[in-house]
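Here's the structure we're looking at; comments come further down.
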Amino acid sequence: MNDPTPLSRSFGYQSVDEREREQRIRRVFSAVAARYDLMNDLMSFGIHRLWKRRFVRMAAPQAGQHIVDLAGGTGDVAALMAAADRRVTVVDPSAEMMDVGRSRGHAHVDWMLGSAEQLPLADASVDTLTISFGIRNATRIDDALKEIHRVLKPGGRFLCLEFSTPAWWLRPFYNLFSFTVIPRLGAWIAASPEAYTYLVESIRRFPDQPRFAAMISAAGFEQVRWHDLSFGIASVHVGTRPAAAAPSGTA
Ligand SMILES: C[S@@+](CC[C@H](N)C(=O)[O-])C[C@H]1O[C@@H](n2cnc3c(N)ncnc32)[C@H](O)[C@@H]1O
């Protein structure tokens, strides 16, 4: 791929300014909200549900925690983490996606309008922050990672499930599927081919596993690592906000 347009200014195959990109992404998710989960099931043959279960096991939600599922959309990941003894909050800029989630009546889930680049959350207020298939949509990923670091408590964990770079032998099949089947399914089921061309193109432009890990480390996280799912079609990146340094003079 020789197109020099950075992810922050690309929309589908077009180069647009950042504000325009943000607005178009909002429109994409408003347009597909009602059919979003059905499309995920069809495009991934239901595998996204297995990935999300694995992701939630890695997040290991616990009693007493404040957990934020950023870009939480219709709340399927939040619902897997929710229970009466903890606080789980979906943060997402799309009211339409969250309305679909609310209508499903997920218990013990709060909903908050907000975007990754400017989180409506206090400093050091969150124990675990998850984001599933959302970071790619942030226009300024570095700023989003800094915001995530800001709202996590020292010792708090960040987990990101995202499409990634598959193993070399899988790429020809994966590319064929992505460039032919997904936009057609998008046109047919979601009546939104533009949305699914955006999806495929944004996946292609997203940094591969080591480059994304380096971005997470640069935002101040430690113990950064990743775990591939389905031969790297998706991966889970994990990082920890460093625990507060002990005051000087303590042993
Ligand atoms: C592909 S959906 C993922 C939804 C859900 N997390 C899942 O795994 O199915 C992407 C979500 O990112 C949200 N989004 C778009 N731009 C965002 C931003 N700048 N910050 C946070 N979320 C954003 C969209 O509204 C949408 O709900």
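Okay, so the sequence shown: first residue is 1 according to my numbering, each after it adds one. The beta carbon of each residue, even a glycine, is placed where N, CA and C say it ideally should be.
Item: Are residue 106 and residue 78 closer than 8 Å when you measure CB to CB?; Value: yes
Item: Just checking residue 41 against ligand 1 - is the residue's beta carbon closer than 7 Å to any of the ligand's heavy atoms?; Value: no
Item: Helix, strand or coil: how does DSSP classify residue 93 here?; Value: coil
Item: Less than 7 Å between the CB of residue 176 and some heavy atom of ligand 1, yes or no?; Value: no
Item: Keeping to the same chain, check which residues put their C-beta closer than 6 Å to that of residue 180; ignore five residues upstream and five downstream.; Value: none
Item: So the candidates are 206, 208, 201, 54; which of them puts its Cα closest to the Cα of residue 159?; Value: 54
Item: Verify whether the separation of the beta carbon atoms of residue 64 and residue 86 is less than 8 Å.; Value: yes
Item: Enumerate, from N- to C-terminal direction, the unbroken alpha helix (DSSP H) stretches of 4 or more residues contained entirely within the region 153–180.; Value: 171–176
Item: Quick one: is residue 137 buried, meaning 16 or more other Cβ sit within 10 Å of its Cβ, or exposed?; Value: buried
Item: With H, G and I counted as helix, E and B as strand and the rest as coil, what does DSSP make of residue 66?; Value: strand
Item: Examine ligand 1 and report whether any of its heavy atoms sits within less than 7 Å of the Cβ of residue 58.; Value: no
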